[in-house]
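Heads up, the thing below is written out as structure tokens.
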Amino acid sequence: MHMRAMQRDQNHTTYEIELACRRLWFLNQRMKPEVARARGGPTGDWKRPFAELPELAHCGYRQLRSAEPLPMHCHDGVLEICFVHRGHVTWRAEGRICPLVGGEVLCIAPGRPHGGHDGLNQPSSVYWLGLQLSEKLPEAYLSLPREEALLVYGELAALPTAIFPATDTFASRFDRLVRLIGAPRHVMAVTEVRAALLGLVVELIRVSRHREPRPKWSEEIASVIELMRKHVTWALSIEDLADRVGWSPSHLKARFRREVGMPPAEFYLRHRVECARQEIMTTQTPLARVAQEYGFGSSQYLATCFRRITGRSPSSYRAARTSCRNHPNKRPAIER
Numbered sequence: 004m005h006m007r008a009m010q011r012d013q014n015h016t017t018y019e020i021e022l023a024c025r026r027l028w029f030l031n032q033r034m035k036p037e038v039a040r041a042r043g044g045p046t047g048d049w050k051r052p053f054a055e056l057p058e059l060a061h062c063g064y065r066q067l068r069s070a071e072p073l074p075m076h077c078h079d080g081v082l083e084i085c086f087v088h089r090g091h092v093t094w095r096a097e098g099r100i101c102p103l104v105g106g107e108v109l110c111i112a113p114g115r116p117h118g119g120h121d122g123l124n125q126p127s128s129v130y131w132l133g134l135q136l137s138e139k140l141p142e143a144y145l146s147l148p149r150e151e152a153l154l155v156y157g158e159l160a161a162l163p164t165a166i167f168p169a170t171d172t173f174a175s176r177f178d179r180l181v182r183l184i185g186a187p188r189h190v191m192a193v194t195e196v197r198a199a200l201l202g203l204v205v206e207l208i209r210v211s212r213h214r215e216p217r218p219k220w221s222e223e224i225a226s227v228i229e230l231m232r233k234h235v236t237w238a239l240s241i242e243d244l245a246d247r248v249g250w251s252p253s254h255l256k257a258r259f260r261r262e263v264g265m266p267p268a269e270f271y272l273r274h275r276v277e278c279a280r281q282e283i284m285t286t287q288t289p290l291a292r293v294a295q296e297y298g299f300g301s302s303q304y305l306a307t308c309f310r311r312i313t314g315r316s317p318s319s320y321r322a323a324r325t326s327c328r329n330h331p332n333k334r335p336a337i338e339r
């Protein structure tokens, strides 16, 4: 009897240790994006990830499940590369509106102002990289031989602020670089980071040389999007949309994500939130009526979706816009 009790206690202790290890692993996974961001975020102050790599100004990854503030800012002497891995964002750069979907890159020339359209960063998965371009660096850029260093530096310095599609390996190269920067230091750490950075830079130069217009959606996906835009009061189900184009729901989801950069349900939701936002911004229609008009059912559900996409509640958004119209020189505050 005594032996059974001891065995039971030992098994319980082993289970607790395993549970603690799993919790620690999960916490570590949750912290990784924050560590990457702390080593160099897209805004604010940062310290260089590696003092031995003066070319690397900042680098990181961020997965947003709801909108966050992204005010206008700039980086003097730094070429910034923003890669949207998943989702759909609308940024501003040099005064132009820049909509991007998953699989696209925004290259921002040094010193050019940029930020989120309306001061917000929409739900998405984004990598970013800042490359220092200094007159002291060209002849030894990334520790390359002189001729190669001048060639790479010249290519980067000539890049304009522009959007172009990424290659299939862009995400894996970015992910490797971010993970190496966040990993514990060891004797080969700088060498590994330099090699990963050089591979990403070469890939960037290659795709920027062959910039092509954003590919249009296929006829089937375009018809699905048109159906979404026509049916905002009564949202169609994914099964209904798939049936309209003669596809299975699973095939529609896969094709839609590949061509548009996000699931069809998310695209549909964002479109209806945008329609509601325009209504809230330009009229005094009661929020309950706006919710019914755009298929949300209740003002509470509208508020939940609206906050996730725009970063603020419908009522505060309307109040801020009203205040902005009454006081043209006052910018609306971003609700945190």
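Residue numbering for the sequence shown follows the working numbering, starting at 4 and increasing by one per position.
Just so you know, even glycine gets a beta-carbon here, dropped at the ideal spot from N, CA and C.
All values derive from a computational prediction rather than experimental measurement.
For residue i, the first and last residue of its enclosing beta strand (DSSP E)
i	result
Ala96	Val81 to Ala96
Pro102	Arg99 to Val104
Leu109	Glu107 to Ile111
His234	No beta strand (DSSP E) holds His234; DSSP gives it neither H nor E.
Helix, strand or coil at residue i [DSSP, three-state]
i	result
Tyr64	strand
Ser240	coil
Arg42	Here Arg42 scores only 35 on pLDDT, less than 50, and its place in the model is too uncertain to base an answer on.
Gly114	coil
Leu30	Legend: pLDDT at Leu30 = 39, less than 50; position of this residue unreliable, no value from coordinates given.
Tyr130	strand
Glu71	strand
His120	helix
Buried or exposed (CB count within 10 angstroms, at least 16 for buried), residue i
i	result
Val276	buried
Met34	Per-residue confidence for Met34 stands at a pLDDT of 36, beneath the threshold of 50, marking its modelled position as unreliable; no derived number is given.
Gly98	exposed
Thr16	In this prediction, Thr16 scores a pLDDT of 49, lower than 50, which makes its location untrustworthy; no coordinate-derived value is stated.
Phe84	Note that residue 84 is Ile in the sequence shown, not Phe. Ile84 comes out buried.
Ser127	buried
Arg149	exposed
Thr194	exposed
Val190	exposed
Thr313	buried
Ala199	buried
Gly249	exposed
Trp94	buried
Tyr304	exposed
Gly105	buried
Span of the alpha helix (DSSP H) around residue i
i	result
Leu136	Segment: none, Leu136 is in no alpha helix (DSSP H) and carries neither H nor E.
Pro267	Pro267 to Thr285
Cys308	Ser302 to Thr313
His254	Pro252 to Val263
Leu290	Leu290 to Glu296
Cβ-Cβ distance between residue i and residue j below 8 Å
i	j	result
Pro141	Leu132	no
Ile1	Leu255	Look at the range of the chain in this structure, 4 to 339, and you will see that residue 1 is not part of it.
Arg197	Leu56	yes
Leu134	Ala60	yes
Contained beta strand (DSSP E) runs [length at least 3] in the region 146-213, N- to C-terminal order: Every beta strand (DSSP E) of 3 residues or more that sits fully in the region 146-213 is shown, in chain order, as 165-168.
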